[in-house]
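Heads up, the thing below is written out as C-alpha cells.
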Amino acid sequence: MDFEQTEMFSRVEALARGHTDDDLRRGRASGLLVTVRRGYFIRADVYRTLDPHRRHSMLAEAIYAESSADTVFSHVSAAVLHGMETWDIPLDKVTFTIGRSYAGKRGRQRILHGTPVPEGDLTVKDGFPVTTPARTIVDLARSLPLEPAVCIGDYALRTGLTTQDELSHALGDARTRTGVAKARQAVSFMTASSASAGESRSRMQLDTLPLPPPLLGRTLYDEFGVALASVPFLYPDHGVVGIYEGQGLYGSEAVVTDLQDKRIRNHMQDLGWVVVHWNWEDLSSPRELTDRIARAFLLAANQHKPRGSFAAHPS
990 MDFEQTEMFS RVEALARGHT DDDLRRGRAS GLLVTVRRGY FIRADVYRTL
1040 DPHRRHSMLA EAIYAESSAD TVFSHVSAAV LHGMETWDIP LDKVTFTIGR
1090 SYAGKRGRQR ILHGTPVPEG DLTVKDGFPV TTPARTIVDL ARSLPLEPAV
1140 CIGDYALRTG LTTQDELSHA LGDARTRTGV AKARQAVSFM TASSASAGES
1190 RSRMQLDTLP LPPPLLGRTL YDEFGVALAS VPFLYPDHGV VGIYEGQGLY
1240 GSEAVVTDLQ DKRIRNHMQD LGWVVVHWNW EDLSSPRELT DRIARAFLLA
1290 ANQHKPRGSF AAHPS
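For my numbering, add 989 to where a residue sits in the sequence shown, where the first one is 1.
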C-alpha cells in the first residue's frame, strides 16, 4: 500500500496506478493519507510540509476540477494564485466568481459569488482563470476588515502587481456592488511605500492615535547633503523618527540589528533626531505605542532642532 506520489492525486489516478478503494480507506485510517477533498488525497508526510498558501492552492485545484467552465478564481483564492501575502485572511475556503446572475453560495470548502467578470477583469495564472490583481484587491476590500485589506493592497502595489490607476478603475467598475464604500476607504489608504504588512499596520494605527500624523517615506540627509537613511515615519516638527522593526513573513519576526543599522541610528541621533522604534507585538498595544511616541516628543523638545534635511523618496 505504498503511495509514491508526492503531489495531490485523485481516486481515479490512484485506481489507474493499481491501488484499490480499500487501499485508500486504509491509508486514511492509518494516517498515511490526508483527504484534501472527497476523491482527492495527498500523503500526510508531504501535506505537513506545505505552507497555508500551498494547501489552499491544492484545495482550489481539487474543487476547480469539478467546477463549471465559466468559474473564475477570485477574492482570496485569486490573491493566493497571484502570490500575494494574505495576513489575517482565512484560507480554509476556496473562492470563485461565476460570471452570470447567480445567488452567492457558501459551503464548507467553497464560496461562490455571482458577479459579472468582464474580459478586462480576467487573466490566467498557472493555467487557471483568475481575476486580475486590481479586481482581486477591490473584491477583497469590499468584504474584508480594513487592516488586512490595506495590507494586501499595499503588497500588490509594492510588488508591481497592480497600480493606483488600475485600482481606481476597478473601484469604478464595482460602484454598484455590495461593500464598495468599504473598498473606497481601503484603497484610499493603500500605498506602494510600505515595506511590509507591519509597516502597513503601523501606518494605519498611527493615523488613529491622538498624535499629529507623521510624514511617510522620507530620506534623511546630514548637514552636508549626504543621504543617511530612508525612514518610514517622520515627525519633523517634533524631531522624531519612527521605525517599524520586523522581517520575515509580514515583517512580523524580530530583527537582529546589525552593526551598520546601529551606526545609522547613532548618526541620526548625533544629528539631533530622537529615534523611536516598535515591532509586531507593539501593534497590539496602541496606548503603549502612543505613550512611547509622546515620550520621544518630550525628549526631542529638550534638544536642539535636528541638523540636516529630509525629502520625499524619489518616485
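Yeah, the Cβ is synthetic: ideal placement off N, Cα and C, and Gly gets one too. Predicted model, so just to flag it, every value in this text is computed and none were measured.
Distance between residue j and residue i (C-alpha atoms, nearest Å)
i	j	result
residue 1118	residue 1059	9 Å
residue 1293	residue 1286	12 Å
residue 997	residue 1035	9 Å
residue 1245	residue 1107	Residue placement at residue 1245 cannot be trusted, given a pLDDT of 46 that sits under 50; the coordinates are not used to answer.
residue 1253	residue 1216	11 Å
residue 1171	residue 994	45 Å
residue 1124	residue 1156	7 Å
residue 1299	residue 1203	13 Å
residue 1168	residue 1008	49 Å
residue 1276	residue 1010	58 Å
residue 1165	residue 1231	40 Å
residue 1158	residue 1183	22 Å
residue 1291	residue 1265	16 Å
residue 1079	residue 1131	15 Å
residue 1082	residue 1056	15 Å
residue 1197	residue 1267	16 Å
residue 1032	residue 1022	5 Å
residue 1280	residue 1274	10 Å
residue 1144	residue 1178	12 Å
residue 1233	residue 1046	31 Å
residue 1250	residue 1154	35 Å
residue 1199	residue 1073	32 Å
residue 1015	residue 1096	28 Å
Other residues of its chain near residue i: CB distance less than 8 Å, five sequence neighbours each side excluded
i	result
residue 1288	1263
residue 1003	992, 1012, 1013 and 1030
residue 1296	1211, 1212, 1260 and 1261
residue 1226	1201
residue 1109	1121
Beta-carbon proximity of residue i to residue j, cut-off 8 Å
i	j	result
residue 1028	residue 1006	no
residue 1163	residue 1139	no
residue 1075	residue 1122	no
residue 1278	residue 1194	yes
residue 1061	residue 1111	yes
residue 1176	residue 1142	yes
residue 1207	residue 1283	no
residue 1148	residue 1120	no
residue 1180	residue 1146	yes
residue 1214	residue 1269	no
Cβ neighbours of residue i in the same chain (closer than 7 Å, five flanking residues each side left out)
i	result
residue 1173	1160
residue 1017	1024
residue 1116	none
residue 1088	1059, 1061, 1105 and 1106
residue 1026	1048, 1051, 1052 and 1098
residue 935	The question about residue 935 has no answer here: the residues shown for the chain are numbered 990 through 1304.
residue 1228	1261, 1262, 1263, 1289, 1292, 1294 and 1295
residue 1190	1136, 1140 and 1272
residue 1054	none
Own chain partners of residue i with C-beta closer than 6 Å, once the 5 adjacent residues on each side are dropped
i	result
residue 1094	1101
residue 1316	Since the first and last residues shown for the chain are 990 and 1304, residue 1316 lies out of range.
residue 1084	1063, 1064, 1065, 1066 and 1100
residue 1037	none
residue 1224	1203
residue 1077	1137
residue 1020	1033
Which residue spans inside the region 1113 to 1168 form an unbroken alpha helix (DSSP H) run of at least 4? 1122 to 1132, 1135 to 1147 and 1153 to 1162
Measuring CB atoms only, is the region 1255 to 1262 touching the region 1211 to 1230, in the sense that at least three cross pairs come out at less than 8 Å? yes
Should the region 1039 to 1049 be called in touch with the region 1067 to 1080, which here means at least 3 C-beta pairs below 8 Å? yes
Which runs of the alpha helix (DSSP H) spanning at least 4 residues fall entirely within the region 1257 to 1304, listed in chain order? 1275 to 1290
Which ranges would you report for the beta strand (DSSP E) in the region 1061 to 1106 if only whole runs of at least 3 residues count? 1083 to 1087 and 1099 to 1103
Taking the runs of the beta strand (DSSP E) that are 3 residues or longer, which of them lie wholly in the region 1010 to 1063? 1022 to 1026, 1029 to 1032 and 1060 to 1062
Which full runs of the beta strand (DSSP E) of 3+ residues lie inside the region 1176 to 1227, going along the chain? 1204 to 1210 and 1216 to 1224
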